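Using my numbering, you'd call the opening residue of the sequence shown number 4 and step up by one each time.
We put the beta carbon where it would ideally sit given N, CA and C, even for glycine.
Because the structure is a prediction, the values reported are computed rather than measured.
Structure first, then comments.
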Amino acid sequence: MMTVNHTVSEMLNQLYTQILGRLSGQAVAMVQRFSLKVFLHFSHQVFVDSMEQS
């Protein structure tokens, strides 16, 4: 009986790890895209401001 429980918990552990890995991968991609957008927007604002100043 102990071995069955152990096997099930092993399987659940692997599944959980895979799901977490995928989720964290998606989260990292979303954060990267978001920060890229913010960076582009910010640099565009700075560019526009410097153009208006000159």
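For residue j and residue i, the rounded distance between their alpha carbons
{"i": "Ser27", "j": "Glu13", "result": "21 angstroms"}
{"i": "Gln21", "j": "Phe50", "result": "43 angstroms"}
{"i": "Gln29", "j": "His44", "result": "22 angstroms"}
{"i": "Lys40", "j": "Gln17", "result": "35 angstroms"}
{"i": "Ser46", "j": "Thr10", "result": "53 angstroms"}
{"i": "Met33", "j": "Asp52", "result": "28 angstroms"}
{"i": "Val7", "j": "Tyr19", "result": "18 angstroms"}
Contacts around residue i, its chain only, beta-carbon distance under 7 angstroms, and the 5 residues preceding and following it disregarded
{"i": "Gly24", "result": "none"}
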